[in-house]
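Asker: Take any residue in the sequence shown, note its place counting from 1, add 81, and you have its number in this note's numbering.
Positions of the beta carbon are idealized from the N, C-alpha and C atoms, including for glycine.
Since we're looking at a predicted model, the values are computed, not measured.
First the structure, then my questions, so here it is.
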Amino acid sequence: MTSIRYEERILELLAQRDSGKTICPSEVLPIEERKDKVKMEAVREAARRLVENGKIEITQKGRVVNPKSLKGPIRLRLK
């Protein structure tokens, strides 16, 4: 999957959720690719771009966080 495709998939999955609900970035990848650190980082980078474009928010423990200083588990939700 390309980085643009990751962005599209993030938005697709979020559109399927109720308002305010989140997804885990790992949901973007097929099950067999979820432990691939390179691909997971590509998904996180796609999420950062979507934040920069004002389309989504990245949260940790329910709070919106700065996408440039991410460490640990995150969730994604539509803005």
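With contact counted as at least three CB pairs below 8 Å, one residue from each stretch, are the segment 107 to 118 and the segment 144 to 154 in contact?
Answerer: Because the criterion of three Cβ pairs below 8 Å is not met, the segment 107 to 118 and the segment 144 to 154 do not touch.
Asker: Does the Cβ of S154 have 16 or more other Cβ atoms within 10 Å, making it buried, or fewer, making it exposed?
Answerer: The sequence given here places Pro at residue 154; Ser does not occur at that position. So P154 counts as exposed.
Asker: Pull the bridge partners of V145 from the DSSP assignment, please.
Answerer: Looking at the DSSP assignment, V145 forms a beta bridge with T140.
Asker: Under a Cβ-count criterion, where at least 16 other Cβ atoms within 10 Å of its own Cβ denotes burial, should A128 be classed as buried or exposed?
Answerer: So A128 ends up on the buried side.
Asker: Quick check on L64: does DSSP put it in helix, strand or coil?
Answerer: The structure shown does not extend to residue 64, since the chain is modelled only from 82 through 160, so no value can be given for it.
Asker: Considering only C-alpha positions, which residue in the set T103, E133, K116 is nearest to Q141?
Answerer: Residue T103 is the option with its Cα nearest to Q141.
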